[in-house]
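See below for the structure under consideration.
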DNA sequence: GTGCAAAGCTTAGCGATTCTAGGTATGCTG
DNA sequence: CAGCATACCTAGAATCGCTAAGCTTTGCAC
């Protein structure tokens, strides 16, 4: 997949992954890869900054958990995050519908 | 529509618009706006550079036409452009399918 | 027990792409 | 002629994802 396709949609995907249940960054990456059959193969340097951005925007909240000596930062959706996700999904559908119309209609 | 949604997909849309018939830049903008019911409201500063890029990449070819004292640069798809469009559309469908799966499946 | 991979997080800097915000010029309408 | 639509062009900024590196801890293989 051309990685640039993601631009502008990564936030929505991350929010969607975290809607189902909280998760830490590393597992967000894995969930995206699994749920897309490997189509979304994101580098850590892509996902972590996105998480920071979303937390900074108030759409995610995080807490550090420690299992043994291993720390994980677990992210979950805030109420604002749920709202934002709903919006983003609606925008996506509208966008996808428009695109579909353009590439379908040969005239 | 959040304009950033476009990132990475504008080329495909422009190619799709020009697949049907050649057009000059200004009318590409109008066609995109019309065909999407106003969803794609692109600034000239967005579209013209994209056209140059696509022409530079060999996907479009252009010729200057003059009506009176008014010049227009008309763009049309090259063979490579048609191939690229086909590819981009296939990628888009795959991408959209993956996204659809992620935002649809609540778990 | 040493080495190496995987889990897990972080950051600086780059590259590609779109947008902002201006500029030029023509032609039509009132 | 004033004003708006048509038509093109460009420099600069902003955004965003990616590259590429570095760090620690855990666990498995040899």
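Protein chains in written order, with the working numbering: chain A, 1 to 107; chain B, 1001 to 1107. Ideal placement from N, C-alpha and C gives every residue a C-beta, glycine not left out. None of these values were measured; they are calculated from a predicted model.
Only buried fits residue 1035(B), as 16 or more other CB atoms lie within 10 angstroms of its CB.
If you look at residue 78(A), you'll find it isn't in any beta strand (DSSP E); DSSP assigns it neither H nor E. Here residue 60(A) carries a strand assignment [DSSP, helix/strand/coil].
The alpha-carbon of residue 1033(B) is positioned some 14 Å away from that of residue 1023(B). By the neighbour-count criterion, in which a residue is buried when 16 or more other Cβ atoms sit within 10 angstroms of its Cβ, residue 70(A) is exposed. The beta carbon of residue 80(A) does not come within 8 Å of any beta carbon belonging to chain B, so the residue lies off that interface. For residue 1099(B), the number of other beta carbons within 10 angstroms of its own is at least 16, and it is reported as buried. With a threshold of 8 Å between beta carbons, residue 27(A) makes no contact with chain B. In the DSSP assignment, residue 10(A) falls within the unbroken alpha helix (DSSP H) covering 10-20. Residue 43(A) sits in coil when the DSSP states are folded into three classes, being neither helix nor strand. Interface criterion not met: the Cβ of residue 90(A) is under 8 Å from no Cβ in chain B. Using a Cβ-Cβ cut-off of 8 Å, residue 1099(B) counts as an interface residue toward chain A, since at least one Cβ of chain A sits closer than that to its own.
Contact annotation: residue 88(A) and residue 25(A) have beta-carbon atoms that are not nearer than 8 Å.
For residue 102(A), the closest of 1017(B), 1005(B) and 1008(B) by C-alpha to C-alpha distance is 1017(B).
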